[in-house]
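With full-length UniProt numbering, you'll find the sequence shown wraps up at 69, consecutive numbering, no jumps.
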Amino acid sequence: MEKVKDLTIDEFKSLIHKTMEEVLQEMLIDPDEGRLLKPEFKETLTKIREARGETLTHSSEEVIAHLGL
């Protein structure tokens, strides 16, 4: 097994890159993937969104304005 002190700069960067990819993949996994919402719950969420005047999508202009860009 190699030690960090024996790695070249490029090997060390590669190690960090691979480690970050693994960590990000673990963090971005959706634990609810493949699960379905109960129709009653979905209807409740839809009513809440409609009451707030929210839509399913946002234009790029809305996103830019919201982020203050």
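The beta-carbon is built from N, C-alpha and C at its ideal position, and this holds for glycine as well.
- When the five nearest sequence neighbours on each side are left out, no beta carbon in the same chain lies closer than 6 angstroms to the beta carbon of MET1.
- Note that the C-beta distance between LEU28 and LEU15 is not below 8 angstroms.
- Inclusion of VAL4 and PHE12 in the CB contact set at 8 angstroms is warranted, their separation being smaller than that value.
- The beta carbon of GLY68 sits closer than 7 angstroms to none of the beta carbons in its chain outside the five residues before and after it.
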